[in-house]
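Residue numbers (the numbering used here): 3 to 768. By construction, the Cβ of each residue, glycine as well, lies at the ideal position given by its N, Cα and C atoms. As the structure is a prediction and not an experimental result, all values here were calculated from the model. What follows is a set of notes on a single structure, which appears directly below.
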Amino acid sequence: MQAKKRYILVFVSCAFLAYAYFGGYRLKVSPLRPRRAQHESAKDGGVQPHEQLPSFLGSPDLQELRLLPRNLTKGSADSPRQPQPQALPRKPDCRMETCFDFTRCYDRFLVYIYPPEPLNSLGAAPPTSANYQKILTAIQESRYHTTDPSAACLFVLGIDTLDRDSLSEDYVRNVPSRLARLPHWNNGRNHIIFNLYSGTWPDYAENSLGFDAGEAILAKASMGVLQLRPGFDVSIPLFHKQFPLRAGATGSVQSNNFPANKKYLLAFKGKRYVHGIGSETRNSLFHLHNGRDMVLVTTCRHGKSWRELQDNRCDEDNREYDRYDYETLLQNSTFCLVPRGRRLGSFRFLEALQAGCIPVLLSNAWVLPFESKIDWKQAAIWADERLLLQVPDIVRSISAERIFSLRQQTQVLWERYFGSIEKIVFTTFEIIRERLPDYPVRSSLVWNSSPGALLTLPTFADSSRYMPFLLNSMGAEPRHNYTAVIYVQIGAALGPNAALYKLVRTITKSQFVERILVLWAADRPLPLKKRWPPTNHIPLHVISLGGSTRSSPGAGPTSQTTEGRPSISQRFLPYEEIQTDAVLSLDEDAILNTDELDFAYTVWRDFPERIVGYPARAHFWDDSKNAWGYTSKWTNYYSIVLTGAAFYHRYYNYLYTNWLSLLLLKTVQQSSNCEDILMNLLVSHVTRKPPIKVTQRKGYKDRETGRSPWNDPDHFIQRQSCLNTFAAVFGYMPLIRSNLRMDPMLYRDPVSNLRKKYRQIELVGS
3 MQAKKRYILV
13 FVSCAFLAYA
23 YFGGYRLKVS
33 PLRPRRAQHE
43 SAKDGGVQPH
53 EQLPSFLGSP
63 DLQELRLLPR
73 NLTKGSADSP
83 RQPQPQALPR
93 KPDCRMETCF
103 DFTRCYDRFL
113 VYIYPPEPLN
123 SLGAAPPTSA
133 NYQKILTAIQ
143 ESRYHTTDPS
153 AACLFVLGID
163 TLDRDSLSED
173 YVRNVPSRLA
183 RLPHWNNGRN
193 HIIFNLYSGT
203 WPDYAENSLG
213 FDAGEAILAK
223 ASMGVLQLRP
233 GFDVSIPLFH
243 KQFPLRAGAT
253 GSVQSNNFPA
263 NKKYLLAFKG
273 KRYVHGIGSE
283 TRNSLFHLHN
293 GRDMVLVTTC
303 RHGKSWRELQ
313 DNRCDEDNRE
323 YDRYDYETLL
333 QNSTFCLVPR
343 GRRLGSFRFL
353 EALQAGCIPV
363 LLSNAWVLPF
373 ESKIDWKQAA
383 IWADERLLLQ
393 VPDIVRSISA
403 ERIFSLRQQT
413 QVLWERYFGS
423 IEKIVFTTFE
433 IIRERLPDYP
443 VRSSLVWNSS
453 PGALLTLPTF
463 ADSSRYMPFL
473 LNSMGAEPRH
483 NYTAVIYVQI
493 GAALGPNAAL
503 YKLVRTITKS
513 QFVERILVLW
523 AADRPLPLKK
533 RWPPTNHIPL
543 HVISLGGSTR
553 SSPGAGPTSQ
563 TTEGRPSISQ
573 RFLPYEEIQT
583 DAVLSLDEDA
593 ILNTDELDFA
603 YTVWRDFPER
613 IVGYPARAHF
623 WDDSKNAWGY
633 TSKWTNYYSI
643 VLTGAAFYHR
653 YYNYLYTNWL
663 SLLLLKTVQQ
673 SSNCEDILMN
683 LLVSHVTRKP
693 PIKVTQRKGY
703 KDRETGRSPW
713 NDPDHFIQRQ
723 SCLNTFAAVF
733 GYMPLIRSNL
743 RMDPMLYRDP
753 VSNLRKKYRQ
763 IELVGS
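Structure (structure tokens):
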């Protein structure tokens, strides 16, 4: 009898377990999201049922459902985030293949901005916020811009859509009717809409823009995982009203001390909300604050009626809040908490990046800015809003080596993608551009390492390994030897005693020269072939830049003429004759000897991302004029190596021609000067490094040469003016000072061997 009871008990238990497993699974899933969402999650490698728990901190009626990051457990702070969807209706599915017209983008990637709307009956124009005007200005002054809508790949609204909070002073009304009047709207196809804020009190619904965006691409801050249309929309960062148009402040990490012993381990200072969406997390931060290594202070002292809404902890929180300076906390903390506010994004995110304070993200289901391209595991830490008390253990578990790496990456990302509105807009465009069928896709390494994707043009070469800044890191060697490019502006008579004649002979004796290219920009006719010195089987190409009245028959294997007035920037065109990685740029009256050329090339091979050469100059800040100054005098430092006698990588010719702002090139064209200064600014902007001066030589020009533009007294004044114009367009001064000089006596190999190898250099005076 006892055995029979045991069998019955076992049978009942098994039946109950079977029902719980097969019948209860659906009960665990279906209340949280619709069946279609379950299917999409499974299809995309989505979350598991046990991860679909709503937040215990707040009511679903007041806030969206937010999810636990996948595989994020205590002590695994670097695990990638896979957030669950929010309980909001999904936008109509759009993919580039279904909602975008690729045929508009095959020739060039151009952006058209709608002109401002006409004045209304009261004579007032629709309002435009300062930030939206900065976005429009960045586009209008860029190479993306076109005034021809038929040539445009993308369309940008003239209507300010940044702030779609109906209670905001920047809220633009009647947007649907305004969109209907746009001649190229076409339900938003090939349009991009920029937005920072959506929704309003009390729910701040993410999809509440106040108009139907249709098939337009949304470049939006605070995007949730369910509202983002993958591969179509772009998540951008939230930035404040004072955010700079260009360049912006550099990252705050000025030294790479290891380990960096900061005063505080984790910090946060900001407002909290006593009720409503986004209040739960910030209202709980006082549990983590200890005033020693954890400083997390909040205030409810904001808004017009905070006294009426305050809770019994407000006064104490406000007193603790006032004890700490926010900037001091940023600079003296290893980790900075970035909790969600009313919306998923926060100003604290960019502030922490700039300060080199590693962001600890506390905003479930937030799609981080440019997440499709940027590997945020290298720069940020994830925590979960529902497991707030685990945050101290998470940050304490991270090793010093990992902290060092994370901090370095925050600076790379800040300076390359987030330091200005211009960078944010251009990054958005480049992400969209890489979705075009025929445009090359840059690797994750390019996107997540310096100098970043904006300065790595994939149309330059089939592989990014040929970029100058990746040669050494990939263990690659520069291809071939070097091409000598001689820019001829004076065009003195060519004979055995002429500076140009001597220079060509000197180059042909070099053991590393591959080819000689002469760019003839002088008014004199091209010399006949018989007047050129013998080149010892080194190919010599002569290209007329439009200054001559006739071309010499057989002046060389190549003789080309360009129409119109020659621009001095033509010396930096990416000529197809330049097949080597190294370019030796020379003025026609340079007087270097062969040893100097060979040694400079040897140094350049070790620093292929920099300009390496002889004539050095310096910039300085002139307090009396409140402007940048330029000097050719001997100083204890230099920041410019003139391209009249210097080596650099041919990629910079491509970048100079295809990337630099047209405003910069126009300045050079109008002044017929300063192209060498501009090339130095470009290379320093890319590398964040100074050029390299080789040996003690200061003078590098033949003083007996006839009329020279460098002898013009206005020449120096022009260069001062150019320097300030360039810095204004870049938004900062890219040039970097250096005290380094490379000499054969101390370079790499044993001193005695190098002194024997480069004997002529010791005979050259300063």
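Other residues of its chain near LYS759: CB distance less than 6 Å, five sequence neighbours each side excluded: none
query: Name the DSSP bridge partner or partners of CYS338?
result: ALA269 and PRO361
- prompt: Under 8 Å between the Cβ atoms of LEU169 and ASN197?
  reply: no
- prompt: Does the Cβ-Cβ distance between THR300 and ASP324 come in under 8 Å?
  reply: no
- prompt: In terms of residues, what are the limits of the beta strand (DSSP E) holding HIS543?
  reply: 542-546
Sheet register partners of TYR484 (DSSP bridge): VAL515 and ALA584
field: the segment 390-402 in contact with the segment 186-195 per 3-pair CB rule at 8 Å
entry: no
task: Compare the Cα-Cα distances from SER571 to each of TRP522, VAL362, GLU611 and PHE601 and report the closest residue.
output: TRP522
message: Comparing C-alpha positions only, which one of VAL174, SER131, ARG145 and TYR114 sits nearest to SER152?
response: TYR114
Presumed contact (8 Å Cβ cut-off) between HIS539 and GLU579, rounded CB distance: Not really, about 16 Å apart at Cβ, beyond 8 Å.
task: Grab me the residues of ILE238's own chain with a C-beta within less than 7 Å of its C-beta, minus the 5 sequence neighbours each way, in chain order.
output: ALA221, LYS222, ALA223, PRO371, ILE426 and THR430
- prompt: When you compare only the Cα positions, how much space is there between PRO185 and PRO568?
  reply: 40 Å
message: Can you tell me where the beta strand (DSSP E) holding PHE196 begins and where it ends?
response: 193-197
field: Complete runs of the beta strand (DSSP E) confined to the segment 431-493 [at least 3 residues]
entry: 484-490
task: Determine contact between the segment 166-180 and the segment 137-153, defined as no fewer than three beta-carbon pairs at a distance below 8 Å.
output: no
message: Check this for me: beta carbons of GLY233 and ARG437, under 8 Å apart or not?
response: yes
query: Are there 16 or more other CB atoms within 10 angstroms of the CB of ILE719, so buried, or fewer, so exposed?
result: exposed
- prompt: Fully enclosed by the segment 644-668, which beta strand (DSSP E) runs are 3 residues long or longer?
  reply: 647-651
- request: Spell out the partners DSSP gives ARG166 in its beta bridges.
  value: SER200
message: Helix, strand or coil for VAL299? Go by DSSP, reduced to three states.
response: strand
- prompt: On the three-pair Cβ rule with 8 Å, is the segment 450-467 touching the segment 488-500?
  reply: no
Cβ pair THR537, GLU516 closer than 8 Å: no
query: Three-state secondary structure (DSSP) at THR563?
result: Caution applies to THR563, whose pLDDT of 42 falls short of 50 and renders its modelled position unreliable; the model cannot decide the point.
query: In terms of residue numbering, what span does the beta strand (DSSP E) encompassing HIS621 cover?
result: 618-624
message: For LEU457, which residues in the same chain have their Cβ closer than 6 Å to its Cβ, ignoring the five residues on either side in sequence?
response: VAL688
field: Local conformation of THR148 per DSSP, three classes
entry: strand
8 Å Cβ cutoff met for ARG721 and ILE679: yes
field: Cα-Cα separation between ILE509 and LYS700, rounded to whole angstroms
entry: 20 Å
- prompt: Can you list, in chain order, the stretches of the alpha helix (DSSP H) that have 4 or more residues and sit fully within the segment 679-749?
  reply: 715-732
message: Quick check: what's the CA-CA separation for GLN762 versus THR148?
response: 54 Å
task: Report yes if the C-beta distance between TYR774 and ALA592 is below 8 Å; otherwise report no.
output: This structure cannot settle anything about residue 774, because the visible part of the chain is limited to 3 through 768.
message: Quick check: ASN655 and PRO576, are their CB atoms within less than 8 Å of each other?
response: yes
- request: For SER673, collect the residues of the same chain with a Cβ closer than 8 Å to its Cβ; drop the 5 residues on either side in sequence, then sort them by chain order.
  value: GLN720, SER723 and CYS724
message: Give me, in chain order, the residues of the same chain whose beta-carbon lies closer than 6 Å to that of GLN581; leave out the 5 immediate sequence neighbours on both sides.
response: none
query: Under a Cβ-count criterion, where at least 16 other Cβ atoms within 10 Å of its own Cβ denotes burial, should LEU413 be classed as buried or exposed?
result: Reading off the sequence, residue 413 comes out as Gln, not Leu. Per the 10 Å Cβ criterion, buried.
message: Under 8 Å, Cβ to Cβ, is there at least one residue of chain B near GLY548?
response: Absence of chain B from the displayed structure is noted, only one protein chain being present.
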